[in-house]
């Protein structure tokens, strides 16, 4: 039978064991009292040094450099979008996760777009429950509820598809997943714009029309930026 291998002890465990043995063998009347005392103190100092090293914070300079690099990457990538200022503003808080990853950048942009679309959906659903709406107003709002619902659904599917894509940006598997994401995000953008286009006539007027248009236009801007970053990640596929 093969001899059983004993795994090596971790440094802190070894020091604790040494301290325990020192305490066990320590006796005030022992002729080796000075040596035992010295060994015990040395062990305690080693343990303190080990704990201090393990608990030491990361180098603040390297952390600051990493944060600056991530912010620079986001700003540079957002310059390729239609609304770069909005892109940077919405994604800088995700810098620790994005770092310098084009995939993480695209996923964060999709997540922000989904959140904005969900907020817009809640807004128009609330409007649809208002009393006193005229038939044309009800019809226009009902159409917007359906369109923003499709937008939310497609953005959600796009985020899940991005996660299933893997890290390799080539091959049939990547192209299939990427094609789905690009198609769904593009359709989500079309849905958001369709609602705004539906108000070009006189179906709605006043503050209600302005509020819906503003929210849908803003959601469309987020989605447009996300689509640009998704396409940038796909590299022309």
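Numbering (the numbering used here), first residue to last: 5 to 241.
Note that CB positions come from ideal geometry on N, CA and C, so glycine has one too.
In this text, all values refer to a predicted model and were calculated from it rather than measured experimentally.
- With respect to the 9 Å criterion, residue 232 and residue 84 are classified as neighbours on the basis of their beta carbons.
- Between residue 82 and residue 151 the beta-carbon gap is near 27 Å, outside 8 Å, which marks them as no contact.
- Contact between the stretch 156-168 and the stretch 182-190 is present: 3 or more CB-CB pairs across the two stretches fall below 8 Å.
- In the three-state DSSP reduction, residue 178 falls in the helix class (H, G or I).
- Between the alpha carbons of residue 122 and residue 89 lies a distance of about 22 Å.
- Of the residues assessed, residue 138 falls on the exposed side of the cut-off, its CB having fewer than 16 other CB atoms within 10 angstroms.
- The Cβ neighbour count for residue 224, taken over all protein chains shown within 10 Å, is at least 16; the residue is labelled buried.
- When 110, 237 and 221 are compared, the shortest CA-CA separation from residue 148 is found for 221.
- In the DSSP assignment, residue 219 falls within the alpha helix (DSSP H) that extends over 210-238.
- Along the stretch 52-138, the alpha helix (DSSP H) occurs as fully enclosed runs of 4 or more residues at 64-82, 88-95, 99-102 and 106-132, listed in sequence order.
- Put simply, the backbone Cα of residue 211 is about 44 Å away from that of residue 180.
- Measuring C-alpha to C-alpha distances from residue 192 to each of 96, 171 and 120 identifies 120 as the nearest.
- Taking C-alpha positions only, residue 154 is separated from residue 213 by approximately 21 Å.
- Within a 10 Å sphere around the beta-carbon of residue 93 sit fewer than 16 other beta-carbons, which makes this residue exposed.
- DSSP places residue 172 outside both helix and strand once states are collapsed to three, so it counts as coil.
- Under the three-state reduction of DSSP, residue 150 is assigned to helix.
- Sorting 202, 96, 169 and 98 by C-alpha distance to the C-alpha of residue 146 places 202 at the top.
- Rounded to the nearest whole angstrom, the C-alpha separation of residue 158 and residue 196 is 11 Å.
- In the structure shown, residue 160 falls within a helical segment according to DSSP collapsed to helix, strand and coil.
- Rounded to whole angstroms, the Cβ separation of residue 102 and residue 143 is 42 Å, and the two are not in contact under 8 Å.
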